[in-house]
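Taking it in order: structure first as structure tokens, then the write-up.
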Amino acid sequence: MADRLTQLQDCFDQLATQFYASLRYISTHHPPSTSNNQPAAPAAPDPNSQDPNPPRPDSPSTFAAAQRELAHDLVLKEQQNEYLISVLPGIGTSEKEQEERIRVLERSCGRRGQQACGRRRRVWSGWMR
Numbered sequence: 001m002a003d004r005l006t007q008l009q010d011c012f013d014q015l016a017t018q019f020y021a022s023l024r025y026i027s028t029h030h031p032p033s034t035s036n037n038q039p040a041a042p043a044a045p046d047p048n049s050q051d052p053n054p055p056r057p058d059s060p061s062t063f064a065a066a067q068r069e070l071a072h073d074l075v076l077k078e079q080q081n082e083y084l085i086s087v088l089p090g091i092g093t094s095e096k097e098q099e100e101r102i103r104v105l106e107r108s109c110g111r112r113g114q115q116a117c118g119r120r121r122r123v124w125s126g127w128m129r
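Residue numbers are given in the UniProt record's numbering: position 64 of the sequence shown equals residue 64, and the series is strictly consecutive.
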């Protein structure tokens, strides 16, 4: 189960990274826009940027294609997350059924633990003679 949870956590981390990368791309590559029939002003440099030559805006068609690709990638990653969630143990099982399963496993572990302790005692008692 931990393996599935780790895989799911990795997927959520990747989704967050994709969100960040998508927003970063959109904010740095969008074509200049006009409003009220005024010409577009040149983009103000980002005061937090260390890059003296920021990327040039993409053409509207390139930007639209990139947006579609980014959106498609985000949807695919979210579908992967949903699938991983759907195959987690206990999904589709009531709380009472899960509690009963835990009790059965605890009893089984208890018996096996007692058996292991008995074997250790026998080994140690034979070794100590």
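Beta carbons are placed, not taken as given, at the ideal position from N, Cα and C, and that holds for glycine.
Rounded to whole angstroms, the separation of the alpha carbons of Q114 and V123 is 14 Å.
Separation of G110 and R68 (C-alpha to C-alpha, rounded to the nearest whole angstrom) is 55 Å. In chain order, N81 place their CB closer than 7 Å to the CB of F12, counting only its own chain and leaving out the 5 sequence neighbours on each side. The three-state secondary structure of I85, taken from DSSP, is helix. Taken in chain order, the unbroken stretches of alpha helix (DSSP H) that lie wholly in the region 52–119 and span 4 residues or more are 60–86.
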